[in-house]
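Have a look at the structure below before the remarks.
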Amino acid sequence: MGWASDASWGLVVSGGDGLTTYDTVERTLDGTTFEQLAPLPSPRRRHCMAIIDDTRLFVAGGYRFNEMDEALVYESGSGAWTEVSPMPTPRYNHVCGVVAGADDTTDIVISGGYDGRDFLSLVEIYNVEGDAWRTGSPLPQAINSLSIAGFGGSFLLVGGFDGEVELDTIYEYDVQSGDWVLREQRLATAKNRVNAMMVHPDAFPPC
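Under this note's numbering, the first residue of the sequence shown carries the number 237, and numbering increases by one thereafter.
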């Protein structure tokens, strides 16, 4: 399942997970009432989803019969999904993070995942306005089934699986250099296939 959230869109969820593929897309602003958006052009699971801005969503990759390279943009004005330039490397179990690109454009950074043969350290970056892909700095290690959380104009990659063990690592993407910074903090328990999000510290009692 792909999902993303912010104040304007609320929580948006799409597709399926596990062994189930869906084309459905829905969102909620209050956690109680869900609104159906236009379905994805084809069912998929284990893709990534990101919010570009107040009117656009992004979906890339996933799995249906085999690894997918399809990239899509949803426009709230038209209520429709549009296929854009495909991802160079078909993959699933990856994540996508939105950052500021050059000249006031928007980049979407696709990280990690699995291509059907290998767990990936490969990073590919999609420029929204240019409808073009480029290769980014690779992850320090291959990471499959990782989680992502927005952080200070960038994002963090949390946990995952490197092909042998679950990971407790947290990497921060440096927007200026395009490099990955291993944070000193680690997960208390190594894990993969979980979700991560930033919340106010007061949301949970002290440990």
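Cβ atoms here follow ideal geometry from the backbone N, Cα and C, with glycine treated the same way.
Note down, in chain order, each residue of its chain lying with its Cβ closer than 7 Å to the Cβ of residue i, except the 5 sequence neighbours on either side.
i: Phe391; result: Gly333, Ile384, Ala385, Tyr409
i: Gly414; result: Gly372, Ser373
i: Asn363; result: Gly337, Thr341, Asp343
i: Asn431; result: Ser383
i: Gly313; result: Thr291
i: Val345; result: Cys332, Gly333, Val335, Val359, Ile361, Gly372, Tyr409
Whole angstroms is fine: what's the gap from residue i's alpha carbon to residue j's?
i: Phe294; j: Val331; result: 12 Å
i: Gly267; j: Leu273; result: 16 Å
i: Glu319; j: Val417; result: 33 Å
i: Ser321; j: Pro442; result: 46 Å
i: Ala296; j: Tyr328; result: 9 Å
i: Ala243; j: Phe440; result: 20 Å
i: Pro324; j: Asp305; result: 7 Å
i: Val261; j: Met237; result: 10 Å
i: Leu265; j: Asp398; result: 35 Å
i: Met285; j: Tyr407; result: 19 Å
i: Gly366; j: Ile287; result: 17 Å
i: Ile361; j: Tyr299; result: 20 Å
Apart from the five residues just before and just after residue i, which ones in its own chain have a Cβ nearer than 6 Å to its Cβ?
i: Asp259; result: Pro275, Leu276, Pro279
i: Tyr310; result: Leu293, Trp317
i: Asp253; result: Met237, Arg281
i: Met433; result: Ala385
Tell me which residues share the same chain as residue i and place their Cβ nearer than 8 Å to its Cβ, disregarding the 5 neighbours each side in the sequence.
i: Gly396; result: Gly348, Ile379, Asn380, Ser381, Leu382, Ser383, Glu402, Leu403, Thr405, Asn428
i: Thr425; result: Asp404
i: Arg263; result: Trp245, Gly246, Leu247, Val248, Val249, Phe270, Glu271, Leu273
i: Gly389; result: Val335, Ala336, Val411
i: Arg422; result: Asp404, Thr405, Ile406
i: Ser357; result: Gly348, Pro374, Leu375, Pro376, Gln377, Ala378, Ile379
i: Phe387; result: Glu408, Met434
What whole-angstrom Cβ distance do residue i and residue j have, given they're in contact under 8 Å?
i: Leu375; j: Val394; result: Not confirmed; about 13 Å, so no contact.
i: Pro326; j: Asp351; result: 6 Å
Are any of the Cβ atoms in chain C nearer than 8 Å to that of residue i?
i: Arg282; result: Although the question refers to chain C, the structure presented lacks it and comprises just one protein chain.
message = Restricting to runs no shorter than 3 residues, where is the beta strand (DSSP E) found entirely within the segment 265-331?
response = Within the segment 265-331, the complete beta strand (DSSP E) segments of 3 residues or longer fall at 270-273, 284-287, 292-296, 307-311, 316-320, listed in chain order.
ask   = What beta strand (DSSP E) runs, 3 residues minimum, are completely inside the segment 355-438?
value = Entirely contained in the segment 355-438, the beta strand (DSSP E) runs reaching 3 residues are, in chain order, 359-363, 368-371, 383-387, 390-394, 406-409, 416-418.
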